[in-house]
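To keep things clear, I will list the structure first and then write my remarks on it.
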Amino acid sequence: MTSSQPLSQACDAADARRRQAWRILLASLVVIGLGLVPLIATRALYLDDMSRALDGYYGWMLNARPAAEGIMRLLGFGDVLVNVAPLPQLAAWGLAAGMALAWWRWLPGLSLAGCVVGNALIWLTPFTLQNFSYAFDSLPMSVALASAILASLVLRAGGKSRAEGEQGGGISEGRGPWQAWQPPLGALLLLLLALCCYQPALNAFLVLSLLEALFAGAASTSLWSRWRMLLQRGALAAVALLLYLPITRLLVAGEYSQQHGQMLAFADPQGLLAGLEHNLSVALGALREGLGQVTLLLSLALLAGAALLRLLPRGAPLRHAEAAGAPEGRSRSARQLSLQRMSWALWALLLVPALWGPMLLLAEPVFHSRTLIAWGPLLGGALMLALSVRARESVRASADASATPSMTEAANTQRKTPVWRRVMQCPLKPCLLIIACLLLVRHGVIFAAWSNALAAQQGHETQLARTLVAQAREQGLPLDSPRDAERYQPRDALPVLVLGDAPVAPLARVARQQVAAVGQNLVAAFTPDNYWAVVRLRLAGASAVTLLRDEALKARLQARSPCAPGDAVSQTSDQPTSQPTGQSSAPSSAQSQVQSQVPSPALSLQEGVWVIDFRKPRQCD
Numbered sequence: 002m003t004s005s006q007p008l009s010q011a012c013d014a015a016d017a018r019r020r021q022a023w024r025i026l027l028a029s030l031v032v033i034g035l036g037l038v039p040l041i042a043t044r045a046l047y048l049d050d051m052s053r054a055l056d057g058y059y060g061w062m063l064n065a066r067p068a069a070e071g072i073m074r075l076l077g078f079g080d081v082l083v084n085v086a087p088l089p090q091l092a093a094w095g096l097a098a099g100m101a102l103a104w105w106r107w108l109p110g111l112s113l114a115g116c117v118v119g120n121a122l123i124w125l126t127p128f129t130l131q132n133f134s135y136a137f138d139s140l141p142m143s144v145a146l147a148s149a150i151l152a153s154l155v156l157r158a159g160g161k162s163r164a165e166g167e168q169g170g171g172i173s174e175g176r177g178p179w180q181a182w183q184p185p186l187g188a189l190l191l192l193l194l195a196l197c198c199y200q201p202a203l204n205a206f207l208v209l210s211l212l213e214a215l216f217a218g219a220a221s222t223s224l225w226s227r228w229r230m231l232l233q234r235g236a237l238a239a240v241a242l243l244l245y246l247p248i249t250r251l252l253v254a255g256e257y258s259q260q261h262g263q264m265l266a267f268a269d270p271q272g273l274l275a276g277l278e279h280n281l282s283v284a285l286g287a288l289r290e291g292l293g294q295v296t297l298l299l300s301l302a303l304l305a306g307a308a309l310l311r312l313l314p315r316g317a318p319l320r321h322a323e324a325a326g327a328p329e330g331r332s333r334s335a336r337q338l339s340l341q342r343m344s345w346a347l348w349a350l351l352l353v354p355a356l357w358g359p360m361l362l363l364a365e366p367v368f369h370s371r372t373l374i375a376w377g378p379l380l381g382g383a384l385m386l387a388l389s390v391r392a393r394e395s396v397r398a399s400a401d402a403s404a405t406p407s408m409t410e411a412a413n414t415q416r417k418t419p420v421w422r423r424v425m426q427c428p429l430k431p432c433l434l435i436i437a438c439l440l441l442v443r444h445g446v447i448f449a450a451w452s453n454a455l456a457a458q459q460g461h462e463t464q465l466a467r468t469l470v471a472q473a474r475e476q477g478l479p480l481d482s483p484r485d486a487e488r489y490q491p492r493d494a495l496p497v498l499v500l501g502d503a504p505v506a507p508l509a510r511v512a513r514q515q516v517a518a519v520g521q522n523l524v525a526a527f528t529p530d531n532y533w534a535v536v537r538l539r540l541a542g543a544s545a546v547t548l549l550r551d552e553a554l555k556a557r558l559q560a561r562s563p564c565a566p567g568d569a570v571s572q573t574s575d576q577p578t579s580q581p582t583g584q585s586s587a588p589s590s591a592q593s594q595v596q597s598q599v600p601s602p603a604l605s606l607q608e609g610v611w612v613i614d615f616r617k618p619r620q621c622d
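Going by the working numbering, 233 is the number at position 232 of the sequence shown; the sequence numbering is gapless.
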């Protein structure tokens with residue numbers, strides 16, 4: 002009977018952990034779903050989704066993302082990409098929720114609330130709106146972010162000391178050379194996977210590495226061991242980039258990818274520093290623009306609370322005891338404390354450029370909100386690491402207090418606790434969790450506003466494109482192309498030039514003005530030199546349209562007055578329109594509804610170019 006008790010206790014502990022894992026997974030699914038379900042329910046095709054759904058092409062290889070293309074080919078049907086939305090977004094949702102289990106597995110002492118809220122803060126941010134809005138790219142981008150996070154957690158598990166491993170169940174016992182190399186090799190493969198899915202995900206690994214150094218809470222963890230850990234992780238990221246570089250040289254193609262993939266000139270130090278300063282300034286501006294005041298203040302409060310929770314552990318009275326009468330071997334010298342504080346300050350400053358990482362070294366980087374994918378790991382990682390450190394230090398402080406009660410009491414009687422420390426000894430953990438929950442609610446509201454604005458803008462632009470195509474048919478403009486019959490191979494095309502900007506959807510105008518993230522991510526298609534205007538028109542039935550590339554012709558057409566006549570001028574609402582043969586002169590109810598809700602731009606055929614003019618026409622004699 003006695004021999005069976007340890008086995009029974011082990012089984013009970015395993016059952017308890019299994020139930021806790023299911024609770025964390027279900028809670029994470031619900032919390033993250035509160036932000037993603039409204040977005041997925043819109044069924045909107047966002048930017049690249051439109052052309053991919055229309056033409057059935059993959060295209061990730063051109064951006065040096067072979068793993069992303071491989072993942073999507075597993076969901077495709079041969080060489081043609083089929084629209085299976087929202088399955089990729091649902092898979093991304095499940096992957097994001099499942100990452101809470103990874104954090105719970107590798108961060109000891111992390112509670113259910115801290116794990117669920119912290120993991121949700123990683124995935125639900127104003128800078129992941131774009132990532133989850135893509136019906137196709139959402140899954141590869143989520144795989145990339147999860148791989149970068151797992152690379153950091155794997156190294157964290159492999160870097161435990163022998164004492165920590167024995168406390169956790171003797172994992173570190175009997176580790177051979179091959180077992181010691183397993184965590185770095187696994188992390189390297191995960192980083193390569195992240196780069197081959199979505200390159201900015203590497204920045205999440207850099208941010209988490211710096212946080213790991215800042216929030217390392219083990220008493221045995223020296224300053225040199227933290228620096229060594231950072232150097233090892235930096236070397237690992239550098240090796241991953243070196244292995245990834247030939248892939249970019251081999252696969253990158255297309256004007257867009259080649260233009261934004263050029264590096265700064267390292268041979269010119271002055272130009273390099275100027276480029277870095279400019280890129281960092283633009284990146285910080287995009288960060289402030291995407292957050293807004295309220296979200297920025299809550300984010301800074303969360304980071305400050307996490308730092309405060311780390312700097313003021315529960316074992317503060319024990320530190321006073323050590324300073325009062327403890328042996329010299331346990332006290333830290335002033336030099337060591339100075340070096341530690343300088344290291345902490347440097348690591349905290351490095352967190353800012355780490356948010357963008359190698360992107361700052363590009364000549365023309367793309368600082369769209371989707372590229373700031375490391376902002377979520379900064380918030381969620383800081384929260385969970387701080388909570389985990391507090392839990393471990395609480396256990397250690399209670400053990401030390403029970404072992405040496407006389408020392409602690411003597412120290413408390415000899416030195417009175419300062420007022421600022423008594424103020425800081427308020428329940429920081431609940432306060433930090435409250436701030437994190439408020440920030441998460443704020444992010445959920447932003448996701449809801451973005452979902453409604455995106456749906457409204459898509460419906461608005463769809464109606465506008467249909468109105469333009471209907472007007473073009475009335476004027477007899479060429480719309481069809483022989484590429485429809487032969488796998489999208491264009492033989493003739495109708496160049497399109499958009500002048501002016503189309504009005505934003507009325508139902509999205511307020512959200513665009515009031516919500517910073519919506520204003521940053523809502524891309525209007527019908528703007529000058531915008532490829533997505535052509536895609537919208539193709540979706541509406543004008544398969545022959547293409548973007549005008551002749552710069553001389555474009556400048557000549559732009560200089561003309563909005564009232565200048567062309568080869569065929571569009572009919573306005575107050576002018577009689579000619580109807581094709583066999584059609585009724587009375588407009589249908591659907592057409593009248595579209596005309597009442599969608600602006601009617603000036604449409605004309607000038608020098609073989611389909612000119613769509615949204616500029617307000619001047620009074621003509």
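Note that CB positions come from ideal geometry on N, CA and C, so glycine has one too.
Bear in mind that the values here come from a model prediction, so they are computed numbers and not experimental data.
Residue state for Ser9 is assigned as helix, using DSSP reduced to three classes. In the DSSP assignment, Gln607 falls within the unbroken beta strand (DSSP E) covering Ala603 to Gln607. Beta bridge pairing from DSSP links Leu455 with no other residue.
Gln10 and Leu347 have their C-alpha atoms some 46 Å from each other. Between Leu604 and the set Asn453, Lys555 and Leu500, the nearest pair of CA atoms involves Leu500. For Val497, the uninterrupted beta strand (DSSP E) run begins and ends at Leu495 to Leu500, by DSSP. Remark: C-beta atoms of Leu30 and Tyr58 do not approach each other more closely than 8 Å. In the three-state reduction of the DSSP assignment, Phe615 falls in the coil class, being assigned neither a helical nor a strand state.
The Cβ atoms of Val155 and Gly187 lie closer than 8 Å to each other.
The secondary-structure analysis by DSSP pairs Phe78 across a beta bridge with Val81. The C-beta of Ile435 has fewer than 16 other C-beta atoms within 10 Å across all chains shown, which makes the residue exposed. Taking Thr528 as the centre and dropping the five residues before and after it, the same chain places the C-beta of Asp502 closer than 6 Å to its C-beta, in chain order. For Val253, there is no enclosing beta strand (DSSP E), as DSSP marks it with neither H nor E. With contacts defined by Cβ atoms closer than 8 Å, Gly99 and Leu203 do not form a contacting pair. In its chain, beyond the 5 residues on either side, Arg311, Leu386, Ala387 and Val390 have a beta carbon closer than 7 Å to the beta carbon of Phe216.
Leu439 carries a helical assignment under DSSP once its states are collapsed to helix, strand and coil.
Residue pairing by DSSP places Leu231 opposite no residue, since no beta bridge is assigned to it.
For Val546, the enclosing beta strand (DSSP E) begins and ends at Val546 to Leu548.
According to DSSP, Met51 shares a beta bridge with no other residue.
Where Gln521 is concerned, the enclosing alpha helix (DSSP H) starts and stops at Ala517 to Asn522.
Ala239 is not a Cβ neighbour of Leu192, given a cutoff of 8 Å.
Secondary-structure assignment with DSSP links Met264 through a beta bridge to Leu363.
In the three-state scheme derived from DSSP, where H, G and I count as helix and E and B as strand, Val610 is classed as strand.
With contacts defined by Cβ atoms closer than 8 Å, Pro378 and Leu538 do not form a contacting pair. Annotated three-state conformation of Gly306 is helix, per DSSP. Residue environment analysis places Glu552 among the exposed positions, since fewer than 16 neighbouring C-beta atoms fall within 10 angstroms of its C-beta. Distance from the CA atom of Leu113 to the CA atom of Gly79, rounded to whole angstroms, is 43 Å. Taken atom to atom, the span from the alpha-carbon of Leu232 to that of Cys438 is near 34 Å. When C-alpha distances from Cys198 are compared across Leu189, Leu146 and Val32, the shortest belongs to Leu146.
Distance from the Cα of Gly235 is smallest, within the candidate group Glu213, Gln559, Leu429 and Leu251, for Glu213. DSSP places Ala553 in the uninterrupted alpha helix (DSSP H) bounded by Glu552 to Gln559. 8 Å or more divides the Cβ of Ala456 from the Cβ of Ala22. Contact annotation: Val497 and Leu548 have beta-carbon atoms nearer than 8 Å.
The alpha carbon of Gly291 has as its nearest neighbour, out of Ala518, Ala205, Leu151 and Gln263, the alpha carbon of Ala518.
For the pair of segments examined, the segment 362-370 was found not to touch the segment 334-342: the number of CB pairs separated by less than 8 Å stays below three.
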